[in-house]
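The listed protein sequences derive, respectively, from chains R and L. Under the numbering used here, the residue at position 108 of the first sequence is numbered 129, and the numbers go up by one with no gaps. Under the numbering used here, the residue at position 27 of the second sequence is numbered 204, and the numbers go up by one with no gaps. In this text, a Cβ means the ideal position worked out from N, Cα and C, and glycines have one as well.
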Amino acid sequence: MKSNLHMYVMAAPLLTAFLVNIFGRNNRKVIAPMVLGALGLSSLLAIAVLKRTLMLGDLSYTAGAWTPPWGIELLVDPLSALMLLLIAAVSFIATFAALPCVKRDLEDRQHLFFTLYLILIAGLMGLVLTADAFNLYVMLEITSITTYGLIALGRGRAPLSSFNYIIMGSVAASFYLLGVGYLYLLTGTLNMADIARYLPALQGTAALSTALAFILIGLWIKMAFFPLHGWLPRAYTDAPDGAGVLIAPLMTKVTIYLMVRLMLTFQSPTFPLISMDVRTLVIWAAAIGIVCASSLALAQRNLKQMLTYIIIAEVGYMVGGAWLANDQGMTGTLLHIVNDALMTLCLFLAAVAIAYRTGSLHFDNLKGLYRRMPWTMAFFTIGAFAMIGVPPTCGFYSKWYLLLGGIEAGQWEFVVALIFSSLVNAVLFFRIIELAYFGSLQDSEHHAHASAEPQEAPWWILSPLALTAVLLIVVGLSTGPLVNNIIRLMIPVGF
Amino acid sequence: MTPIVSIWPLAAILVSLLGALPIILANRQPNLRESWTILIALVKLMIVASLLPGVLEGNSYVFTIAQVIPGVPIELRVDALGMIFALVASSLWLFTSIYSIGYMRALDEHAQTRYYASFAVAISATLGVAFAGNLLTMYLFYEMLSLSTYPLVTHEQNAEARSSGRKYLTYILGTSIGLALPAMMITYSVAGTLDFTSGGILAGKASPELLALLVVLFLFGFAKAGLMPFHGWLPAAMVAPTPVSSFLHGVAVVKAGVFSIFRIIFDILGPETLQSADLGSLITYIASVTLLIASMVALTQDSLKRRLAYSTIGQLAYMVLGAGMLSATGMLGGVMHLAMHAFGKITLFFCAGAIYVASKKKNISQMDGLGRRMPITYLAFFLGSLSIIGMPPLGGFISKWNLLIGAVEGDQLVLIVVLLISSLLNAAYFFPIIYRGFFVPATDGEGDGIKEAPLFCLIPLSVTALVSLALFFYPDTLLKLARMALGI
Numbered sequence: 022m023k024s025n026l027h028m029y030v031m032a033a034p035l036l037t038a039f040l041v042n043i044f045g046r047n048n049r050k051v052i053a054p055m056v057l058g059a060l061g062l063s064s065l066l067a068i069a070v071l072k073r074t075l076m077l078g079d080l081s082y083t084a085g086a087w088t089p090p091w092g093i094e095l096l097v098d099p100l101s102a103l104m105l106l107l108i109a110a111v112s113f114i115a116t117f118a119a120l121p122c123v124k125r126d127l128e129d130r131q132h133l134f135f136t137l138y139l140i141l142i143a144g145l146m147g148l149v150l151t152a153d154a155f156n157l158y159v160m161l162e163i164t165s166i167t168t169y170g171l172i173a174l175g176r177g178r179a180p181l182s183s184f185n186y187i188i189m190g191s192v193a194a195s196f197y198l199l200g201v202g203y204l205y206l207l208t209g210t211l212n213m214a215d216i217a218r219y220l221p222a223l224q225g226t227a228a229l230s231t232a233l234a235f236i237l238i239g240l241w242i243k244m245a246f247f248p249l250h251g252w253l254p255r256a257y258t259d260a261p262d263g264a265g266v267l268i269a270p271l272m273t274k275v276t277i278y279l280m281v282r283l284m285l286t287f288q289s290p291t292f293p294l295i296s297m298d299v300r301t302l303v304i305w306a307a308a309i310g311i312v313c314a315s316s317l318a319l320a321q322r323n324l325k326q327m328l329t330y331i332i333i334a335e336v337g338y339m340v341g342g343a344w345l346a347n348d349q350g351m352t353g354t355l356l357h358i359v360n361d362a363l364m365t366l367c368l369f370l371a372a373v374a375i376a377y378r379t380g381s382l383h384f385d386n387l388k389g390l391y392r393r394m395p396w397t398m399a400f401f402t403i404g405a406f407a408m409i410g411v412p413p414t415c416g417f418y419s420k421w422y423l424l425l426g427g428i429e430a431g432q433w434e435f436v437v438a439l440i441f442s443s444l445v446n447a448v449l450f451f452r453i454i455e456l457a458y459f460g461s462l463q464d465s466e467h468h469a470h471a472s473a474e475p476q477e478a479p480w481w482i483l484s485p486l487a488l489t490a491v492l493l494i495v496v497g498l499s500t501g502p503l504v505n506n507i508i509r510l511m512i513p514v515g516f
Numbered sequence: 178m179t180p181i182v183s184i185w186p187l188a189a190i191l192v193s194l195l196g197a198l199p200i201i202l203a204n205r206q207p208n209l210r211e212s213w214t215i216l217i218a219l220v221k222l223m224i225v226a227s228l229l230p231g232v233l234e235g236n237s238y239v240f241t242i243a244q245v246i247p248g249v250p251i252e253l254r255v256d257a258l259g260m261i262f263a264l265v266a267s268s269l270w271l272f273t274s275i276y277s278i279g280y281m282r283a284l285d286e287h288a289q290t291r292y293y294a295s296f297a298v299a300i301s302a303t304l305g306v307a308f309a310g311n312l313l314t315m316y317l318f319y320e321m322l323s324l325s326t327y328p329l330v331t332h333e334q335n336a337e338a339r340s341s342g343r344k345y346l347t348y349i350l351g352t353s354i355g356l357a358l359p360a361m362m363i364t365y366s367v368a369g370t371l372d373f374t375s376g377g378i379l380a381g382k383a384s385p386e387l388l389a390l391l392v393v394l395f396l397f398g399f400a401k402a403g404l405m406p407f408h409g410w411l412p413a414a415m416v417a418p419t420p421v422s423s424f425l426h427g428v429a430v431v432k433a434g435v436f437s438i439f440r441i442i443f444d445i446l447g448p449e450t451l452q453s454a455d456l457g458s459l460i461t462y463i464a465s466v467t468l469l470i471a472s473m474v475a476l477t478q479d480s481l482k483r484r485l486a487y488s489t490i491g492q493l494a495y496m497v498l499g500a501g502m503l504s505a506t507g508m509l510g511g512v513m514h515l516a517m518h519a520f521g522k523i524t525l526f527f528c529a530g531a532i533y534v535a536s537k538k539k540n541i542s543q544m545d546g547l548g549r550r551m552p553i554t555y556l557a558f559f560l561g562s563l564s565i566i567g568m569p570p571l572g573g574f575i576s577k578w579n580l581l582i583g584a585v586e587g588d589q590l591v592l593i594v595v596l597l598i599s600s601l602l603n604a605a606y607f608f609p610i611i612y613r614g615f616f617v618p619a620t621d622g623e624g625d626g627i628k629e630a631p632l633f634c635l636i637p638l639s640v641t642a643l644v645s646l647a648l649f650f651y652p653d654t655l656l657k658l659a660r661m662a663l664g665i
C-alpha cells in the first residue's frame, strides 16, 4: 500500500541536522531540544509505522513518483518497521547521554557534532527502508562518512583510528559497489525485488557468484565479521563518548540486518543462495570468529576495549545464525539484532557514565565502583547478565534460538562456540563485577573512611541507562509476541 | 484434576523480591529493616501454607508470567513436589531471619542491608525453583539463585572471600551454562516441550545413548547438588557468614540442585524411560561414589563448618541415590530426605554459628568441654546429628529407612552396603564432636566466661531441633505430599 508515513521517520532527523547546524551555531541552548524533539518525533512515527504495517501490510513510497524498478522505492514491512523503531528508539535514548558528554568534550563544536550525528541516524534509517541496491550503497556511504567524522572528533589517536577505518570502509564500499555493478550488468535492474526475479535464470554463472561474493565481503568488512574486524576496536574505543553510545549499538547491527535482508530477498526455492559448502564455510568462520574475539576480549584491560571485542564476537553469533539457513537460526539472528543493540547500548551507557565520573575505563579505575556509583553499577550488572545470557534478560532468548538452530542444523562447532562465548562472557563480566565489588583489598582495613561518598553519574546519563536496563528485561519477557507477530512472518516458509 | 489459575504462586515469589526494596530503603534503621525481613518471611510462609490444603486435595495452581518461546512459557505451577520444597524453604527462612539478627548483630558485621536484601532475593529465587512449571522457568530461577547468593558468599569482602566467590561462580555458573543449558536445548529439540509431566516427556523419543548423555549433563549441570567432581564450591562457600551457610548451603541452594535433579528424573526423563534404558545404575553409581568419598573426607575436617559442608555433600548424594533407584520406596526416601535433612542440617549449622558467636571458635579440636557451658546448643546439635545419621526417634530415620527398604526391594546388595557403611561414617564424624563437648574437660582457664549465644540464635536452633524430632512422630503431611509427587 502507498504511504509516506515512514518517509517522515527518516526526514525528521535529516532536516533537523541542517537546522541544528544553522541555529545551533550561535545559540547552543537550542541544540538539545531540537535533537531530542526530532528523534522523539521519529520514535513516535516509527511506532505508528510498525502498527500500520502490522495491520495493513507493506507500505511503499516512491521518490519523485517514479515507479519502480526505475524509481527509488522506500519499502517498509513489519520487520523493517521494527528495525526503524529500534534505530529511532536507540538513538533517542542514546542522545540523552550524548548531550552532556558532547557539551563537555566538544564545547564549541556541538552543532557540528550533532549535524553529523543526525545525518548518521537518517542514513541508518534509509538503509533499512530502501528497496534499491544502489540507493543502499549511497546510504551505506552516508552512514560511513558521518561515522568517520564523528570518530575523528575523539581525543588522542582518534584521527588515526578514524583514518584506519576510512581505508577499510572504503575498500568495503568498493567491494559492495562492484558487486552491485555486476548485478546490474547481469540483470539490468537495481531494484532488489526485481533482481531476485532474474536470479534463478542466472544460477551457476561465474559472474553471479562473483557479484554476490563482492557484496557479501563488502558487508562483512562493514559489520566487522572476523577476520575482517581489524578496524573496529580502535575506532570504537577512540570515538568520543557521545558518538560511541550511538555507533556501537547500531552500526554493526544494521549492516547485519542488510545481509539478512539480501539473503531473504534473493533466496528462493528455485535459487538456493546459501549453497551447502559455502554455508559450512561461513558457519565455521563465524564459530572461529566467536572463539577468537571472545579470547581477545579476555586480554583487554580497558572496559570499552573489552566491549568492542564482545561486539565482534556477537557479530559472529548473528552471521552464523543467519547462515544456519533454518527457521530457528534466522529467528535467533533477527531477535539478536534487536537484543544486542539494546545490550550494547546499556553497557556503553554504563561505560560512559563511569568514564564521566572517573575519567578512565582502565580496569584499575573500576575498583570499588559499587560503593561510588551504586545505581550505575546495578544497571551495568543487568546489562552484563544479558550479555552472558541469563534469563529473563533478552540476551538469553536470542541465544536460545541460535543454539536451537545450531542443534537442528547439526552444526555443532557453532553450538560449542556459542557456549564457549557465554562462559567467557561470564568470566569477563564477573572480573569487572569483582573489581567493582571488592575494591582494593590492601586498604580494606580502613575502608570505613577511605570509602568515597557515592558520586553518581548525572541524571542525563543515568536515566537512559536505567530505561535501557529495564528494556532488557521487558523485551526479554515479550520475546514470544515479538517472534510470533513480527519475525516469524518475515521468514519464508521452508527456509 | 484441572489446574487452577491463581496469582498466589507469583505472589509468594514476589513478596520477598519486592520486599528487598523496603529493606534497602531502611538502610539506616536496623530495627525497621529487620522488622521488614521478619514480616516478609511471615507473609511468604502464610501464602505458601495457604496453598497447602488445595495441593493436598490434589489440585495444582498455575500462573503464566510471559509467553517467551513456542510451547515453553515462563510458567509457575504448584504441585506436591514443589510444595514440599517451598514449605521447607519458606519455614526455614523465617527461622534463619531471626537467627541472622542474633548472629549479625552479635558479630557487628558490615553491610547488613546488602545482606538482608540479597537474602530476600535468594529466597524468591528458591521459591521460583520450587514453583517452576517447566524446565526453562526452573533454569531461570536457578540462575537467579546463583547470582543473588554471590554477594552473600563473598560477604566478608576479603581475599579469601574473593577466591571462594570465584570458585562458587566457576562451578555453579560454569556447569549450568556449559552442561545444563545444552542438555535443556537438546531435550527441547527432541521433545518439543519442556513442561514437567509426570512420567517424563522423552518416552520413546530418545535413544538410550542420548538419554545417558542427558543424565550425565543434567546431574553435573545442576552442580548445586554437589555431586563429585563438581562439589568443590560448597566447602569453599563456608567462608560466608554462618546464617548463609545454614540456610543456603544447608537448605535452599543445595536443595535447589537436588530438587532440579528430582524434576529431571521424575518429570523430564521419566523413571520408566530411565528404567527401560537401564540408566538407574548410572545415577546410583555417581551418587554412591560421592556419598562415600564425602563422608570419609568429612572425617578428616577439623573446621566444624567444613565438616558440615562435606556431610551435606554426602547427604545430598543420598537424595540423588534414592531418586536413582527408580523404585517407589527408594524415590520416596530420596524426596523425604530432602525435607528431613533440611531441618537436621540447619540445626547443626545454627549450632556451629552459635558456638562461633559465643566463643569465636571454628575448629573442632578447640571445642573441648564446650557442651557443659552451652548445653542447649549441644543438645540441639545432638538431635540434629541423630536425624542426619538416621536414628530414631528423629525425622531422618524415616527417609533413611525408606532408602534402605528401597535398596532391599530392588535387590541392590551394593547399595545396601553403601548405605550401611555411610551411616556408620556419619556417626563417626558427628559423635566425636558431641563427646568432646560433654566429656573431654576444657584445658585450664579455657572457656571461662563462655555462655550460650544470644536468644535470637538460641531460639531458632532449638525450634528446628524440635521440629526434627516432631517430624518422626508426625511425618504424615510430608509423606502424603511425597507420595502424591511420585504418583504412588
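Pick from the options: whose alpha carbon is nearest that of residue i?
| i | options | result |
| --- | --- | --- |
| Y327/L | V298/L, N311/L, F373/L and L313/L | V298/L |
| K522/L | A263/L, S488/L, K537/L and V512/L | S488/L |
| T286/R | G380/R, S101/R and T167/R | S101/R |
| S465/L | N335/L, G248/L, G664/L and Q589/L | Q589/L |
| G78/R | N47/R, S24/R and A109/R | S24/R |
| V644/L | T620/L, F558/L and Q543/L | F558/L |
| G305/L | I251/L, L350/L, G279/L and S341/L | I251/L |
| A529/L | A402/L, A605/L and L635/L | L635/L |
| D653/L | L228/L, L509/L and G561/L | L509/L |
Might you give, ordered along the chain, the residues of its own chain that have their beta carbon closer than 6 Å to the beta carbon of residue i, omitting 5 neighbours on each side?
| i | result |
| --- | --- |
| G196/L | I217 and A297 |
| E466/R | Low per-residue confidence applies at E466/R: pLDDT is 45, beneath 50, and the placement is therefore not dependable, though the value from the model is reported in the following sentence. Counting only Cβ-Cβ distances below 6 Å, and skipping sequence neighbours, we find nothing. |
| G144/R | M160, I163 and T164 |
| G341/R | I304, A307 and F435 |
| A307/L | G259, F262 and A263 |
| L471/L | Position check: residue 471/L holds Ala in this sequence, whereas Leu was assumed. Excluding residues within five positions, the ones whose Cβ falls inside 6 Å are Y487, I490 and G491. |
| P448/L | L503 |
| M244/R | T273, T276, I277 and V336 |
Using the Cβ count rule (16 or more neighbours within 10 Å means buried), how would you classify residue i?
| i | result |
| --- | --- |
| K432/L | buried |
| F407/L | buried |
| Q432/R | buried |
| G235/L | exposed |
| T527/R | Nothing can be reported for residue 527/R, as the shown portion of chain R is limited to 22 through 516. |
| E586/L | exposed |
| T477/L | exposed |
| M281/L | buried |
| Q321/R | buried |
Going by beta carbon distance, what residues of the same chain come within less than 7 Å of residue i, once the five residues before and after it are set aside?
| i | result |
| --- | --- |
| V41/R | I52, M55, V56, H132, F135, T136 and L139 |
| L356/L | L394, F397 and G398 |
| L493/R | L363, M364, C367, I403, G404, A407, T414 and C415 |
Residues of chain A with CB closer than 8 Å to the CB of residue i, please, in chain order.
| i | result |
| --- | --- |
| T151/R | You won't find chain A in this structure, because its protein chains are R and L. |
Pull out every residue of the stretch 338-354 of chain L whose Cβ sits closer than 9 Å to any Cβ of chain R, in chain order.
A338, R339, G342, R343, L346, T347, L350, G351 and I354
If we require 4 or more residues per run, which alpha helix (DSSP H) segments fall completely within the stretch 561-601 of chain L?
572-586
Using a beta-carbon distance cut-off of less than 7 Å, what residues from the stretch 638-655 of chain L approach chain R?
none
Contact set between the stretch 376-390 of chain L and chain R, restricted to residues whose Cβ is under 9 Å from the partner
none
Identify each residue in the stretch 355-379 of chain R for which the Cβ-Cβ distance to at least one residue of chain L is less than 9 Å, and report them in chain order.
none
What runs of the alpha helix (DSSP H), each 4 residues or longer, lie entirely inside the stretch 255-333 of chain R?
262-287 and 297-319
Against chain R, which members of the stretch 480-505 of chain L pass a CB distance test of less than 7 Å?
none
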